[in-house]
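J.: Protein chains in written order, with the working numbering: chain A, 1 to 86; chain B, 1 to 86. Note that CB positions come from ideal geometry on N, CA and C, so glycine has one too.
#1: Determine the contact status of residue 43 of chain B and residue 71 of chain B, defining contact as a CB-CB distance below 7 angstroms.
#2: What did DSSP end up calling residue 29 of chain A once you bin it into helix, strand or coil?
#3: Counting only beta-carbon separations shorter than 7 angstroms, does residue 69 of chain A have a partner in chain B?
#4: Give me the Cα-Cα distance between residue 65 of chain A and residue 32 of chain B, rounded to the nearest whole angstrom.
#5: Checking contacts by CB at 7 angstroms: is residue 32 of chain B closer than that to chain A?
#6: For a quick check, are the C-beta atoms of residue 13 of chain B and residue 45 of chain A less than 7 angstroms apart?
#7: Terminal residues of the continuous alpha helix (DSSP H) containing residue 54 of chain B?
#8: With 16 other CB atoms within 10 Å as the buried threshold, where does residue 49 of chain A fall?
#9: Are residue 17 of chain A and residue 77 of chain B close, meaning C-beta to C-beta below 7 angstroms?
#10: Among B/5, B/25 and B/10, which residue has its Cα nearest to the Cα of residue 79 of chain B?
#11: From which residue to which residue does the alpha helix (DSSP H) around residue 2 of chain B run?
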C-alpha cells in the first residue's frame, strides 16, 4: 500500500476510535467512570507527540493534534464534573 | 527540549496511560463496559501507524508497537468475554 494512504487510513481509524467516547460524554454529560490519570496522561502524551512531529511529519502532526483536541474535551469534562453535578 | 527526549517522554506518557485499563481488565477479567468498535478501530489504527513508521522513525514505531500490543490484549479479552462468562 502507498505509504501516504497507509498513514491516512491509520489516522482515520485512530481519530474515529475516539468518537464513541466523545459522543457518549457529550450526550450524557457524565464522566464518573472515566479515569482522570488515564486522560491526563494521554492528553499530555498526544500533545507532546504533536510537538515532536511538528515540521517533521505533517500527517502524524495533524493526527496527534486531532486526538489531543478530542482528549482535551474529555479531560475538560472530567475536570469540571463536580461543577455540573452541584 | 531535545527532540529525542521529547519523543521519549511522549511515548512514556502514551504507553503508561494504557496501564490503568489493562490492569483493571487483568484483575477483574471483565470487559463488559469496553466498546468493541473503539478497541477494534484503535488496535487497527495503532498497528497501521506502526507499519507506517517502520524504517522511518524507530521511536514512533516502538511506541505504536507497544500501544498495539496493549490494545491487542484488551481486544482479545473483549472478544473472548462470552467464553469466560459461560
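T.: Answer, in terms of the structure:
#1: The residue labelled residue 43 of chain B in the question sits at position 43 within the second chain. The residue labelled residue 71 of chain B in the question sits at position 71 within the second chain. Cβ distance < 7 angstroms, so residue 43 of chain B and residue 71 of chain B count as in contact.
#2: To locate residue 29 of chain A, count along the first chain from 1; it is residue 29. Three-state DSSP puts residue 29 of chain A in coil, outside helix and strand.
#3: Counted from its first residue, the first chain places residue 69 of chain A at position 69. No, because no Cβ of chain B sits closer than 7 angstroms to the Cβ of residue 69 of chain A.
#4: The sequence position of residue 65 of chain A within the first chain is 65, counting from 1. The sequence position of residue 32 of chain B within the second chain is 32, counting from 1. Taking the straight line from one Cα to the other gives about 30 angstroms.
#5: Along the second chain, one-based indexing puts residue 32 of chain B at 32. No - not a single Cβ of chain A is within 7 angstroms of the one on residue 32 of chain B.
#6: To locate residue 13 of chain B, count along the second chain from 1; it is residue 13. To locate residue 45 of chain A, count along the first chain from 1; it is residue 45. Contact: yes.
#7: On the second chain, residue 54 of chain B is found 54 positions in, with the first residue counted as 1. Run containing residue 54 of chain B: none; DSSP gives neither H nor E here.
#8: For the purposes of this step, residue 49 of chain A is taken as the residue at position 49 of the first chain. Flag for residue 49 of chain A reads buried.
#9: The sequence position of residue 17 of chain A within the first chain is 17, counting from 1. The sequence position of residue 77 of chain B within the second chain is 77, counting from 1. Taking 7 angstroms as the Cβ cut-off, residue 17 of chain A and residue 77 of chain B do not qualify as a contacting pair.
#10: Mapped onto the second chain, residue 79 of chain B falls at position 79. The candidate whose alpha carbon is nearest that of residue 79 of chain B is B/25.
#11: One-based indexing of the second chain puts residue 2 of chain B at position 2. Careful: residue 2 of chain B lies outside any alpha helix (DSSP H) and carries neither H nor E.
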